[in-house]
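Those protein sequence lines, which keep their order, are chains A and B. Count along the first sequence from 1, add 170, and you get the number used in the working numbering. Count along the second sequence from 1, add 2, and you get the number used in the working numbering. Here the structure comes first, spelled out in structure tokens, and everything after it is commentary.
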Amino acid sequence: MTTAPTTTRMRPSRKRTMLLLAAPSVVLLLLICTYPLVYAAIQAVHNGSLINTGQYVGLQNFTLTLPTPEFRNAALFTVVFLLAGVFGSWAIGLGLALLLRMPVPGAKVFRVLLLLPWVMPIVVSATAWNWLVATRDSPLPTIARALGFGDVLFLADPTLAVITVCVVKVWLSFPFMMLMSSSALASVEDSVYEAARLDGAGPWQRFWFVTLPMTAKSTYISWVLMAIFCVNDFPTIYLLTGGGPVDATSSLIVLAYRKVFQDFQTGPGVAIAFTMTFVLAIVSALLFSRIRKADVA
Amino acid sequence: MSLAPQAAAPAPPAALQPPTTGTSARAFRSQWLRFAVLLVITLLAMAPVLTTVLLAFRPAADSSESSLFTLENFERVLRDTDVLRWLANSLLVACSTVVVSVVVAAPAGYVLSRGRGKVVGGFSLLLFVLQSLPVITSVIPLFILFSRMGLVDNLLGLTIVYVGSTISVTTWMMAAYFDSIPASLEEAAWVDGLSVFGSFSRIVLRNSYPGILSAAVFAFLLAWNDYLVALVFLHSDAVLNLPVGLQNFFQQNATDWGGVMAVAVIMLLPPCIVFAALHRYFSVGGIGGALAGR
Numbered sequence: 171m172t173t174a175p176t177t178t179r180m181r182p183s184r185k186r187t188m189l190l191l192a193a194p195s196v197v198l199l200l201l202i203c204t205y206p207l208v209y210a211a212i213q214a215v216h217n218g219s220l221i222n223t224g225q226y227v228g229l230q231n232f233t234l235t236l237p238t239p240e241f242r243n244a245a246l247f248t249v250v251f252l253l254a255g256v257f258g259s260w261a262i263g264l265g266l267a268l269l270l271r272m273p274v275p276g277a278k279v280f281r282v283l284l285l286l287p288w289v290m291p292i293v294v295s296a297t298a299w300n301w302l303v304a305t306r307d308s309p310l311p312t313i314a315r316a317l318g319f320g321d322v323l324f325l326a327d328p329t330l331a332v333i334t335v336c337v338v339k340v341w342l343s344f345p346f347m348m349l350m351s352s353s354a355l356a357s358v359e360d361s362v363y364e365a366a367r368l369d370g371a372g373p374w375q376r377f378w379f380v381t382l383p384m385t386a387k388s389t390y391i392s393w394v395l396m397a398i399f400c401v402n403d404f405p406t407i408y409l410l411t412g413g414g415p416v417d418a419t420s421s422l423i424v425l426a427y428r429k430v431f432q433d434f435q436t437g438p439g440v441a442i443a444f445t446m447t448f449v450l451a452i453v454s455a456l457l458f459s460r461i462r463k464a465d466v467a
Numbered sequence: 003m004s005l006a007p008q009a010a011a012p013a014p015p016a017a018l019q020p021p022t023t024g025t026s027a028r029a030f031r032s033q034w035l036r037f038a039v040l041l042v043i044t045l046l047a048m049a050p051v052l053t054t055v056l057l058a059f060r061p062a063a064d065s066s067e068s069s070l071f072t073l074e075n076f077e078r079v080l081r082d083t084d085v086l087r088w089l090a091n092s093l094l095v096a097c098s099t100v101v102v103s104v105v106v107a108a109p110a111g112y113v114l115s116r117g118r119g120k121v122v123g124g125f126s127l128l129l130f131v132l133q134s135l136p137v138i139t140s141v142i143p144l145f146i147l148f149s150r151m152g153l154v155d156n157l158l159g160l161t162i163v164y165v166g167s168t169i170s171v172t173t174w175m176m177a178a179y180f181d182s183i184p185a186s187l188e189e190a191a192w193v194d195g196l197s198v199f200g201s202f203s204r205i206v207l208r209n210s211y212p213g214i215l216s217a218a219v220f221a222f223l224l225a226w227n228d229y230l231v232a233l234v235f236l237h238s239d240a241v242l243n244l245p246v247g248l249q250n251f252f253q254q255n256a257t258d259w260g261g262v263m264a265v266a267v268i269m270l271l272p273p274c275i276v277f278a279a280l281h282r283y284f285s286v287g288g289i290g291g292a293l294a295g296r
């Protein structure tokens, strides 16, 4: 009530100041983010290289690249990587968040230490994982041999390489899910649990009928964000396997990188990147409107 | 102060149940059971970190030193590699990214937080969509553009790309924090004759150190941890930074694990220092925290 008159009595110079305040970031965004998108769109319909634009070829880059088995495999692996990354890290992250809510000695220390995988530079953690699993004589293959599994080649066998890369992704991402879940759990009031307890709900029922529905919005946001992070993740895969063996772990972003910077086929590479961008832009715009609606409701 | 008894009020019902020795002993046991579970998980989660640190300080197999702890790996990489230059380059790029990103994002965040109408809504949507796009899409055209302008193989070019890829998230984070500062403070100042810019810089910014620090931590970690952009943009020895330097060193000396891990520890230190000092201001993935707060 009291604020209404002041807001209408806004100073006339307010709008101009607001424009000036937003100007630097708008200019930067146009130059560094929007211009490349437009340029990428142009590149996607030309057969150029990194040096010249080349000739206009219409949608040929898309029609010739997207139906190839190479692209299909990459898309399939990206989906596997995404599902493992999202739900694996969510399950572990939520479990840890629930555990840390209960009285535990040293909970604060655990909470900080468990964030390390997320804070650690990926180049460093990939190097450490390489030491742990890469060769025949690394610690994990040695343990597997001692347990009677024979020679386990974590990064050289196609199926195992997919599993290893997914496990590393879950290891990298669970701290994110843990923090998102923690803040969501903290927002549920204790009285709700108390009421459920008085109604005779056991721990599992309370989890299933109170915790999950009450944190649904935040869970949904964290899933979509993690899905976006997974699709955009280049270094985890590239530093562990380089996309191999025999393209088994070649995701869309790794494939796009290799097309442009190793095979020097800018058109097909940009076509792949652009397809990803298009899908992600739609997903992200949908998410944005969902959040907006949830806020209003 | 008068709030304290009210806040404590819900506690009595639980205390009404007389704590028999049986239940408290069970509670005690389950507490330590949870502790054990957490300890195992934490140790597993920290295995790669512990590995890195242990290997960096362990003498090489053919070393004359017999102790369990040594600094010879560090001495060797400092002598034989350009690790100090990589470190300096990484620090320069990360710190410039933080400064530019925060300086540009703070006013934009203010507009996002206080502005109304369709234009501001569109700006907000644009920022949100841009942050979710794959870096590879912008890296390819920027590589072509920057190679014409001489910004490839150049730390300035790298910084520009990092500023571009942090700016939308830092703007969102600042806006989320500015939302928590009551507009009535500013309105009072306007009545007293302060301009909009004056109220932004003297009232909002001055009360937003936590928000600014969160955005700075986010930008620092992103610029420090990135690999893809550095891999594409940096080639010559003079401009290599830690991610690319470490990776090259690893590929050329795959058997010198002590040396590789010594470089890795040097790369691990700055983010760990930042995290240890500012972990209260650490928000996961930036946008996640901003979304949760808005």
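Using N, Cα and C, we set each Cβ at its ideal position, and we do this for glycine too.
Kindly indicate which three-state DSSP category residue i falls into: helix, strand or coil?
i, result
"B:Y229", "coil"
"A:H216", "strand"
"B:F277", "helix"
Going by the CB atoms, is the gap between residue j and residue i shorter than 8 Å?
i, j, result
"B:T54", "A:L284", "no"
"B:A232", "B:L132", "no"
"A:F346", "A:M290", "no"
"B:A191", "B:I205", "yes"
"B:L242", "B:V137", "no"
"A:A371", "A:F379", "yes"
"B:V106", "A:L198", "yes"
"A:S388", "A:A366", "no"
"B:G200", "B:L57", "no"
"A:A267", "A:S352", "yes"
"B:V51", "A:L286", "yes"
"A:V430", "B:I183", "no"
"B:V305", "B:F180", "Here chain B covers residues 3 to 296 and nothing more, so residue 305 of chain B does not appear."
"B:V298", "B:A221", "Residue 298 of chain B cannot be examined here, being either before or after the span of chain B that is shown, 3 to 296."
"A:P328", "A:V416", "yes"
"A:S259", "A:F377", "no"
"B:W34", "B:L244", "no"
"B:V39", "B:A217", "no"
"B:L224", "A:T447", "no"
"A:A443", "A:F232", "no"
In whole angstroms, what is the alpha-carbon distance linking residue i and residue j?
i, j, result
"A:E364", "A:P373", "11 Å"
"A:T248", "A:A210", "22 Å"
"A:D360", "A:T381", "11 Å"
"B:A108", "A:R281", "30 Å"
"A:A455", "B:G124", "11 Å"
"B:N156", "A:L201", "18 Å"
"A:I452", "B:L128", "12 Å"
"B:F148", "A:V449", "27 Å"
"A:V274", "B:F59", "33 Å"
"A:C400", "A:V335", "12 Å"
"B:V102", "A:A418", "40 Å"
"A:S421", "B:S140", "18 Å"
"A:V279", "B:A278", "11 Å"
"A:Q435", "B:I268", "37 Å"
"A:L457", "B:V165", "24 Å"
"A:L220", "B:A110", "34 Å"
"A:N243", "A:D433", "18 Å"
"A:T305", "A:L323", "7 Å"
"A:V227", "A:N217", "6 Å"
"B:P12", "B:N209", "Unreliable positioning characterises B:P12 in this predicted model, as indicated by a pLDDT of 39, which lies under 50. The coordinate reading is nonetheless provided below. So the alpha carbons of these two residues sit roughly 34 Å apart."
"B:M283", "B:L215", "For the sequence presented, residue 283 of chain B should be read as Tyr rather than Met. Those two C-alpha atoms are separated by around 6 Å."
"A:S195", "B:I169", "8 Å"
Please report the Cβ distance between residue i and residue j, rounded to the nearest whole angstrom; I am assuming they are in contact, meaning their Cβ atoms lie under 8 Å.
i, j, result
"B:F71", "B:A264", "Incorrect: roughly 13 Å between the Cβ atoms, too far for contact."
"A:T406", "A:A331", "The Cβ separation is near 12 Å, so there is no contact."
"A:V215", "A:L229", "7 Å"
"B:L114", "B:T173", "6 Å"
"A:W299", "A:L410", "6 Å"
"B:D82", "B:G247", "Between B:G247 and B:D82 the Cβ distance is about 13 Å, and since that is not below 8 Å, they are no contact."
"A:L189", "B:Y112", "About 12 Å; that fails the 8 Å criterion."
Residues in the region 370-385 of chain A having any Cβ partner in chain B nearer than 8 Å: none
Residues, ordered as in the chain, of the region 228-259 of chain B that lie near chain A by beta-carbon distance below 7 Å: Y229, L230, V234, P245, L248, Q249, F252 and W259
Residues of the region 138-170 of chain B whose Cβ lies closer than 9 Å to any Cβ of chain E, in chain order: Although the question refers to chain E, the structure presented lacks it and instead comprises the protein chains A and B.
Contact residues within the region 191-209 of chain B, judged by C-beta distance below 8 Å to chain A: W192, V193, S197, V198, F199 and F202
Contact list for the region 42-76 of chain B against chain A, Cβ threshold 8 Å: I43, T44, A47, M48, A49, P50, V51, T53, T54 and L57
Within 7 Å of chain B by C-beta, residues of the region 202-215 of chain A in sequence order: I202, C203, P206, L207, Y209, A210 and Q213
Interface positions of the region 416-429 of chain A facing chain B (Cβ-Cβ less than 8 Å), listed along the chain: Under the 8 Å Cβ criterion, the region 416-429 of chain A contributes I423, A426 and Y427.
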